[in-house]
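According to this note's numbering, the sequence shown is numbered sequentially starting from 2.
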Amino acid sequence: MGRPDPQLRDAILAHLRKNHASLCRHWFDDIEPLEINDGTLKLLVRETVQLRYLRRCCIEQFQDAAQAVTNRLLAVRFVGESDLAEEQEARRSEAATGHASGEMSKRAGPVLPDPASVPLHEDMLLSPDYSFENFIVGPGNRLAHAAAIAVASKPGKAYNPFFIHAGVGLGKTHLLQSICQTALRSNPSMNLYYISCNGFMTQFLEAVQAGQMSDFRHRFRNVDMLVIDDIHDLSRRDRTQEEFFHTFNCLYQAGRQLVLSSDAPPNEIPDLEERLISRFNCGLVAHIDKPCFETRVEIVKSKAALRSIQLPEDVASYVAAKIDTNIRELEGAIIKIQSLSVVNGMSIDLELAKAAIGEQVASGGSQHPTIQQIIDAISSFYDVKLTDLLSRRRHKSIALPRQVGMWLARKHTRYSLEEIGGYFGGRDHTTVMHAIKAINNKRQADRTLDQDVSRLEGKLLEHFPIPVDVATAE
Ligand code: ADP
Ligand code: MG
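In structure tokens:
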């Protein structure tokens, strides 16, 4: 048996960062190498959800890193504190009885349950990333977030059922898993089942075919909390709807918590039985809206921090400005930037970010400028920060460039007023209309402004000779 070199962890993490950058998280720093024994490196992980996640998703990469840095053919084993207690107990009784039988020694004394295997369901995998701590709260998700916290701390009592609906990539799964993690942390022995609707459906069909419906019912009707993701997938599945209806009733009547997510509110899920719609509506139905620019910036920063990526302020703003709909894409952009920086051995700056994702969302083809190019041009011409340009600030030094930007976007792109408003910090179409009118008037009265706008147009259109024929329509 050997205590590993204290620097082993740092060397493994450095190897992972270099070779498996997208896998790395800041909480890997808490992993503790314990010993190398019989060709196995034992790594201690104290958080249950992290432990299960590492066992399921990261063994290979850690093994690769451990072998590379030690130059030995090592296996890697992640262990929890309860495993350690169990092993110590086994050793103690082995020493006392002289027997080496694991089974005997396991029975010999009080042993803590292994929270990584009991009572969580085998197929249930939660991502440690999807915690409340990592969830950024903004105007679009405040209610859903507050209700999720209430549900996690008072299962079955606060809101039951709790139903979250939102478009793709806006944080439904993240909130559902945060509820699970928090509830499990405060009550590790809780029988909680998190599953996708498709997973529920597959298990149901398999149970029907195998004639094992009583097992199926036992599994789902005895839980303390049932969390089903993407419940809209029940649409048109008559038999599963029927089964789910009974599962729902059984749990609900027993005061057990139900949490559901969907891409639409209950009454807009196509072909969903009326009785299910009314069940879903009888607790709290919360909606998550698209995040505004400020929230997106915070999300980008938090995602980068989670991956221990140093992201300069202007890069965070750039990414948040470029990707304004799906948060999953924001994350994809960060990964691209990180990969490019690792591959080229360069630190992350705006140039690198542009090279990594510049093409990704460039819209409008080569016929006319993109809104991003307009925003970039405005920000360098007027020397205003991107963050200010897209913020709520109304100071003249920012408001005028912003209005000019909207005017240019309307004239030289095919975006609607709503879309332009969205790009300029989530403003509504009336603000864009007002900006266009204001710039038209000001150009007539203010010669300098008129020339500035013409100069900006000239610069922008250098590479785009065909202006879009949408006049400065108000
Ligand atoms: P959905 O289930 O609604 O399609 P997800 O929950 O999978 O979306 O979210 C997509 C990605 O966006 C995930 O990486 C998630 O962590 C992230 N995300 C969504 N909302 C937030 C938020 N408010 N704060 C931090 N990350 C978020
Ligand atoms: Mg989801």
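Ideal Cβ positions, reconstructed from N, Cα and C, are used throughout, including at glycine.
Assigned secondary structure, Arg394 (DSSP; H/G/I helix, E/B strand, else coil): coil
For Tyr195, the first and last residue of its enclosing beta strand (DSSP E): Leu193 to Ser197
Heavy atom of the ligand ADP within 7 Å of Ser303 beta-carbon: yes
Neighbourhood of Gln213 by C-beta, 6 Å cutoff - its chain only, sequence neighbours within 5 removed: none
Neighbouring residues (CB closer than 7 Å to any heavy atom of the ligand MG): Lys173, Thr174, Asp230, Asp231 and Ser262
contact_flag[the segment 294 to 301, the segment 259 to 269] where n(CB pairs < 8 Å) is 3 or more: no
Residues sharing a beta bridge with Arg47, DSSP: DSSP lists no partner for Arg47.
Endpoints, the alpha helix (DSSP H) within which Ser187 is located: Lys173 to Ser187
Any C-beta of chain C under 8 Å from that of Phe249: The chain labelled as chain C is not found in the depicted structure, where only one protein chain is given.
Assigned exposure category for Val344 - 16 Cβ within 10 Å defines buried: exposed
Which listed residue (Leu261, Lys304 and Tyr194) has its alpha carbon closest to that of Gly284: Leu261
Proximity of Lys291 and Thr326 at Cβ, strictly below 8 Å: yes
Beta-carbon spacing of Ser128, Tyr54 below 8 Å: yes
Proximity winner among Ser154, Lys155, Lys158 and Ile150, relative to Ile165 (alpha-carbon distances): Ile150
Residue environment, Glu87, which counts as buried when at least 16 other CB atoms sit within 10 Å: buried
Buried or exposed (CB count within 10 angstroms, at least 16 for buried), Ser342: buried
Length-filtered (4 minimum) alpha helix (DSSP H) runs lying within the segment 250 to 338: 275 to 281, 294 to 307 and 314 to 323
Ile328 CB to nearest heavy atom of the ligand ADP below 7 Å: yes
Met125 (DSSP reduced to helix, strand or coil): coil
Asn135 beta carbon near the ligand ADP (any heavy atom closer than 7 Å): yes
Status (buried if at least 16 other CB within 10 Å, exposed otherwise) for Gln452: exposed
Beta-carbon proximity of Ala522 to Ile13, cut-off 8 Å: For the chain, the structure presents residues 2 to 475; residue 522 sits outside this window and is missing.
Identified DSSP bridge partners for Arg73: Beta-bridge pairing links Arg73 to no other residue.
Cβ-based burial, Asn161 [other Cβ within 10 Å; buried from 16]: buried
Cα-Cα separation, Ala306 to Ile375: 29 Å
Pairwise C-alpha distance: Val70 and Gln8: 10 Å
Among Asp231, Ala148, Ala354 and Ala321, nearest to Ser392 - alpha-carbon criterion: Ala321
Burial state of Arg108 (16 or more Cβ within 10 Å): Low local confidence applies: a pLDDT of 43 at Arg108 is under 50, so the model's placement there is unreliable, with the coordinate-based value given in what follows. Classification of Arg108: exposed, given that the 10 Å Cβ count is below 16.
Alpha carbon of Ser455 to alpha carbon of Lys443, nearest angstrom: 13 Å
Alpha-carbon to alpha-carbon, Ile270 and Ser197: 16 Å
Of the residues Glu275, Gln178 and Leu277, the one placed nearest Val228, counting alpha carbons only: Gln178
Euclidean distance between Cα positions of Phe217 and Arg18: 42 Å
Distance between Pro34 and Arg10 (C-alpha atoms, nearest Å): 6 Å
Pairwise C-alpha distance: Cys293 and Glu463: 32 Å
Exposure label - Gln445; buried when at least 16 CB within 10 Å: exposed
Spatial distance of Ser398 from Glu352 (CA atoms): 26 Å
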